[in-house]
Amino acid sequence: MKGMNKKSKGMRNLIIAIFTLLIIMSPMITAIEPQGKYFDITIIPEKEVFSPNEFMEVNIIVRDKTTNKPVMGAEVTGNISIYQGSIIEKLKIPAKEGRGIYLMEQKLITMEVGSIPAVEREDGIYTLKEKIDTKARWGGLTLRVTVAKDGHQETVTRGISFMSFNVWFYALGVTSLSIVIGLGIGFISGGFHR
Amino acid sequence: MFEIYLPIANMMVDSLEIIILGIFVGFLAGLFGIGGGFIMVPLLNIVLGIPMNIAIGSNLTQVAATSSSGAVAHKKMGNIDMKLASLILMGSIVGVSLGVILLGSLKASPAFDLIIKGIYILLLTVIGLLMLVESALSAKRTEQRQIIVDISKKFQDIGFMSIELPKSGIRIPAFLPIMMGLGVGIIAGVTGIGGGFIMVPLLIYIVGVRTVIAIGTDIFQMIFLAAVGSIGHALNGNVDLYLAILMLIGSSIGAQFGARTTRRVKAAKIRLLLAVIITMVVLHLIMDVIGWFK
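If you're matching them up, the sequences are chains Y and V in order.
Residue 194, in the numbering used here, is where the first sequence stops; the numbers in between run on with no holes.
Residue 294, in the numbering used here, is where the second sequence stops; the numbers in between run on with no holes.
Structure, rendered in structure tokens:
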């Protein structure tokens, strides 16, 4: 160790730092999700970005994984987890004993809407319709589609966005903000891509 | 403790985790002189479980910020060839738009994750190989210079659509940077990276511009490439503003430390370290792809 020069010490410390970080982060690493064996499920929303409280229409194409033929007569259902915004809701719960009422405040984040049946429109194409019931002005929902047939069941998920303002406003706003922040950092620090 | 809701990704994450990841990737970016998107996007998915399309779109938004910041420094140093950048942009803006459309159509596929991870395995392997070639060449500086002169001379000699670049002091066929921009733009649109590690060697070896001009010009055109890509991805619901800002905070801090550490570590060891990190990410992606087929 005595003979180690400054650069070698720097390298050693760097390797230790990176591996320590990787070890710290390793519990966060997500497990590999098991993939479908029987069906190929494709979720195609009518639009990429919906408006809050609008009816969302989604087409679900189900094909047999081995034959690639459309799967007809399957039971296709959807579960939706809709973002509601970080709003505080006041609840009044009647007391079990006596005449009092409990006043409760709860922070509403997401709302789960379960078992929405999809209707078979064409061979192997199913349509799911549901209102995006939300109090949030913008956010996302996670659609979980379950296909069941002949004792086989599989689930796939897809994220869908919604916003109450024009999507062009969001796209241009986010990008402009990013460039302005970047230019700000550049003018203050002289840029970090030197 | 610092939980935040990512509205577009529709998931709760610890904001500190994103900032730490940003610092880590920003540190590597500063250390290696790269953008870091090709590490950031897979890590966002592997470590935090952010959907690939959101990681791709948000990273491109973040690239718009980092390239704007970098371009300020390069403009001050006079490293930007505006004429060359304009030619690259003619291709890269079309390319990135095509890439965004391509990703949008892939998103519907049941094998979306598999396809994107497959592209990343290919991309990271190419990066590894490029690093290997670059290491071998940089060991023999005179030979490297000769190779650059030989290759770029062949392309500069093409008379078709020839155009003068006074800043770089060369004459090149105009279609060359346009085609390069188109290719890199498509890759940027699909993968969410800035593409500097492809564009810079192309500008040095094929076009024959000096390294500093290649880096400065690429970073300048990247602002517009990333902006167009970011707008396109945001329109497709792939950009989470909070995620992009948290990544930017982390990478801004990390890049400063990374740039300072460069002086204390040998270049060859830096490359070896990056190779180890890339290999680890590739191995994890391969495990994911194998898991898909099981």
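Built from N, CA and C at the ideal position, the CB exists for glycine as well.
Quick caveat: nothing in here was measured; it's all calculated off a predicted structure.
What residue range does the beta strand (DSSP E) around residue i cover?
i: N59 (chain Y); result: F55 to D64
i: D14 (chain V); result: M11 to D14
i: L203 (chain V); result: Here L203 (chain V) belongs to no beta strand (DSSP E), and DSSP marks it neither H nor E.
i: P173 (chain V); result: I170 to P173
i: Y126 (chain Y); result: I125 to K131
i: D40 (chain Y); result: F39 to P45
i: I163 (chain V); result: S162 to L165
i: V119 (chain Y); result: V119 to E122
What did DSSP end up calling residue i once you bin it into helix, strand or coil?
i: K149 (chain Y); result: strand
i: V239 (chain V); result: coil
i: K76 (chain V); result: helix
i: V265 (chain V); result: coil
i: I29 (chain Y); result: With a pLDDT of only 47 at I29 (chain Y), under the threshold of 50, the placement of this residue in the model should not be trusted; the figure read from the coordinates follows. Coil at I29 (chain Y), not helix or strand.
i: I82 (chain Y); result: strand
i: P94 (chain Y); result: strand
i: V41 (chain V); result: helix
i: P52 (chain Y); result: coil
i: I109 (chain Y); result: strand
i: P177 (chain V); result: helix
i: I101 (chain Y); result: strand
i: M131 (chain V); result: helix
i: G232 (chain V); result: helix
i: L283 (chain V); result: helix
i: M163 (chain Y); result: strand
Label residue i either buried or exposed according to how many other C-beta atoms from any shown protein chain fall within 10 Å of its C-beta, with 16 as the threshold for buried.
i: D40 (chain Y); result: buried
i: S322 (chain V); result: Absent from the structure is residue 322 (chain V), since the part of chain V shown begins at 1 and ends at 294.
i: V133 (chain V); result: exposed
i: A31 (chain Y); result: Because A31 (chain Y) sits at a pLDDT of 41, beneath the cut-off of 50, its placement in the model cannot be relied upon, and the following sentence gives the value as read from the coordinates. Looking at its Cβ environment, which holds fewer than 16 other Cβ atoms inside 10 Å, A31 (chain Y) is exposed.
i: E89 (chain Y); result: exposed
i: M12 (chain V); result: exposed
i: E75 (chain Y); result: exposed
i: M180 (chain V); result: buried
i: I93 (chain Y); result: exposed
i: A329 (chain V); result: Absent from the model: residue 329 (chain V). The displayed extent of chain V is 1 to 294, so no value can be given.
i: P166 (chain V); result: exposed
i: L299 (chain V); result: Nothing can be reported for residue 299 (chain V): it is not among the residues displayed for chain V, which extend from 1 to 294.
i: M56 (chain Y); result: buried
i: P117 (chain Y); result: exposed
i: P34 (chain Y); result: Because P34 (chain Y) sits at a pLDDT of 45, beneath the cut-off of 50, its placement in the model cannot be relied upon, and the point is left open.
i: L103 (chain Y); result: exposed
i: S69 (chain V); result: buried
i: E154 (chain Y); result: buried
Please compile the residues from chain A whose C-beta is within a distance smaller than 7 Å of the C-beta of residue i.
i: T142 (chain Y); result: This model lacks chain A altogether, as its protein chains are Y and V.
So with CB distances below 8 Å, who are the chain V contacts of residue i?
i: S86 (chain Y); result: Y5
i: L183 (chain Y); result: S68, S69 and V72
Quick one, are the C-beta atoms of residue i and residue j less than 8 Å apart?
i: Y5 (chain V); j: I61 (chain Y); result: no
i: A174 (chain V); j: L87 (chain V); result: yes
i: A71 (chain V); j: F220 (chain V); result: yes
i: A108 (chain V); j: I43 (chain Y); result: yes
i: T61 (chain V); j: S178 (chain Y); result: yes
i: V25 (chain V); j: S251 (chain V); result: yes
i: I34 (chain V); j: G196 (chain V); result: yes
i: M111 (chain Y); j: W138 (chain Y); result: no
i: V171 (chain Y); j: L235 (chain V); result: Going by the sequence as given, residue 171 (chain Y) is Ala instead of Val. The answer is yes: Cβ separation under 8 Å.
i: I178 (chain V); j: F155 (chain V); result: no
i: V96 (chain V); j: G183 (chain V); result: no
i: L274 (chain V); j: L123 (chain V); result: no
i: T217 (chain V); j: L203 (chain V); result: yes
i: I23 (chain V); j: G254 (chain V); result: yes
i: G232 (chain V); j: V63 (chain V); result: no
i: P45 (chain Y); j: G124 (chain Y); result: no
i: N59 (chain V); j: G37 (chain V); result: yes
i: I170 (chain V); j: G208 (chain V); result: yes
Just to make sure I have the definition right: I need the residues of chain V whose C-beta is within less than 7 Å of the C-beta of residue i. Which are they?
i: P146 (chain Y); result: With the sequence shown as reference, residue 146 (chain Y) is identified as Thr, and Pro is not the correct amino acid for it. None at all; the shortest Cβ gap to chain V is about 14 Å.
i: D133 (chain Y); result: Within 7 Å Cβ-Cβ: nothing; D133 (chain Y) doesn't reach chain V, min ~15 Å.
i: F187 (chain Y); result: V72
i: D40 (chain Y); result: P110
What residue range does the alpha helix (DSSP H) around residue i cover?
i: F2 (chain V); result: No alpha helix (DSSP H) contains F2 (chain V), which DSSP labels as neither H nor E.
i: S86 (chain V); result: M82 to K107
i: S189 (chain Y); result: V167 to S189
What does residue i reach in chain Y if we use C-beta pairs closer than 7 Å?
i: L102 (chain V); result: What L102 (chain V) touches in chain Y: nothing, since even the nearest Cβ is about 14 Å away.
i: I239 (chain V); result: The question names Ile, yet the displayed sequence has Val at residue 239 (chain V). Those are V174, listed as they occur along chain Y.
i: I223 (chain V); result: I179
Quick one: list the residues of chain Y neighbouring residue i, beta-carbon separation under 8 Å, in chain order.
i: S162 (chain V); result: By Cβ distance, chain Y contributes nothing, its closest Cβ being about 31 Å from S162 (chain V), past 8 Å.
Which chain Y residues are close to residue i, counting only those with a beta carbon under 9 Å from its beta carbon?
i: A275 (chain V); result: Correct list: empty, because the minimum Cβ distance to chain Y is about 13 Å.
Since residue i meets chain V, which of its residues come closer than 9 Å, beta carbon to beta carbon?
i: S51 (chain Y); result: Here the premise fails: no neighbours, minimum Cβ distance about 13 Å.
i: S115 (chain Y); result: Those do not exist, as S115 (chain Y) stays about 19 Å from chain V at its closest Cβ, beyond 9 Å.
i: E112 (chain Y); result: Going along chain V, no residue has its Cβ under 9 Å from E112 (chain Y), so there is no contact; the nearest lies around 12 Å.
Any heavy atom of the ligand COA closer than 7 Å to the Cβ of residue i?
i: N236 (chain V); result: Although the ligand COA was asked about, the structure shown includes no ligands whatsoever.
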